[in-house]
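In our numbering, the protein residues as written are 31 to 289.
To start, the structure under review is shown below, and the notes come after it.
Listed below in structure tokens is the structure:
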């Protein structure tokens, strides 16, 4: 099979995979969300044959875009870079919620050339897609300079939309995990305060990293609970009752064995 034929088959396989993940409403999370986003931009650069790809997230409180992950030309310099929400092509995509495909950025007045020069890489063409979660723009994904063509086409835009949806799912899930962790630590802190126990005495245990096997089991359990919860409130409540019953049964078994 020729290289172009292999790439076409790979694109179709990837399209089916992303659609299947989107239909399930969830993403398979690695040890950190940045790792997943990094894998998404690396795959995008490979599939599109692009010189670079990146994901920037919206910080509504500070009104800026922050580039979280990038791959390819200028990637080391762009990660961590911040820019106003209304600046550049990425900012325009965030503000309007509309994708953009620009074949010659030098002729586009929205292009933030100064920002690009700070990375040491000034692109020729850009394909930018908003990251949407429930009609809210939470970021933007960009691929730069298609190596084998002068510009990105309609098929590229359709495929990038699938990448963007997958990235949005991953970002939303990560934010949920972060919020849950924050609530858990705060709840433990308040509970210990009521009992007169210093939080610092066990904080290291709460925040300690589990071993690889434990972490993998926890992610698998969380993924299953998340999948069941997505079916509806009744299914989620049933799942919680089953887990509560199992926990109670385990405690009784432990008490019996101690005797």
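Think of the CB as a built atom: it goes at the ideal place given N, C-alpha and C, for glycine as much as any other residue.
How about residue i and residue j: are their beta carbons less than 7 Å apart?
i           : j           : result
residue 159 : residue 171 : yes
residue 100 : residue 109 : yes
residue 112 : residue 94  : yes
residue 191 : residue 66  : no
residue 73  : residue 173 : no
residue 181 : residue 79  : no
When we look at the beta-carbon of residue i and count the other beta-carbons within 10 Å, is it buried (16 or more) or exposed?
i           : result
residue 176 : buried
residue 183 : exposed
residue 169 : buried
residue 128 : exposed
residue 153 : buried
residue 104 : buried
residue 195 : buried
residue 81  : buried
residue 237 : Note that residue 237 has pLDDT 49, beneath the 50 cutoff, so the model's placement of it is unreliable and no number is given.
residue 54  : Unreliable placement is indicated for residue 54, whose pLDDT of 46 sits below 50; the coordinate value is still reported in the next sentence. Per the 10 Å Cβ criterion, exposed.
residue 291 : An answer regarding residue 291 cannot be provided, because it is not within the stretch 31 to 289 covered by the chain.
residue 206 : exposed
residue 68  : buried
residue 203 : buried
residue 126 : exposed
residue 58  : Per-residue confidence for residue 58 stands at a pLDDT of 47, beneath the threshold of 50, marking its modelled position as unreliable; no derived number is given.
residue 8   : The structure shown does not extend to residue 8, since the chain is modelled only from 31 to 289, so the question has no answer here.
Which residue or residues does DSSP assign as beta-bridge partners of residue i?
i           : result
residue 172 : 84 and 158
residue 96  : 87 and 112
residue 132 : 156
residue 76  : None; residue 76 has no bridge partner.
residue 183 : Per DSSP, none; premise fails for residue 183.
residue 202 : DSSP output for residue 202 lists no bridge partner at all.
residue 167 : 162
residue 102 : 82
I believe residue i touches residue j by the beta-carbon criterion, under 8 Å. Please report the beta-carbon distance rounded to the nearest angstrom.
i           : j           : result
residue 118 : residue 97  : The Cβ separation is near 11 Å, so there is no contact.
residue 124 : residue 130 : In fact, because the Cβ distance is near 11 Å, the residues do not count as touching under 8 Å.
residue 161 : residue 197 : 6 Å
residue 167 : residue 88  : 6 Å
residue 149 : residue 90  : In fact, because the Cβ distance is near 24 Å, the residues do not count as touching under 8 Å.
residue 83  : residue 102 : 6 Å
May I ask you to check if the CB of residue i is nearer than 6 Å to at least one heavy atom of the ligand SAM?
i           : result
residue 103 : This structure does not include the ligand SAM; it has no bound ligands of any sort.
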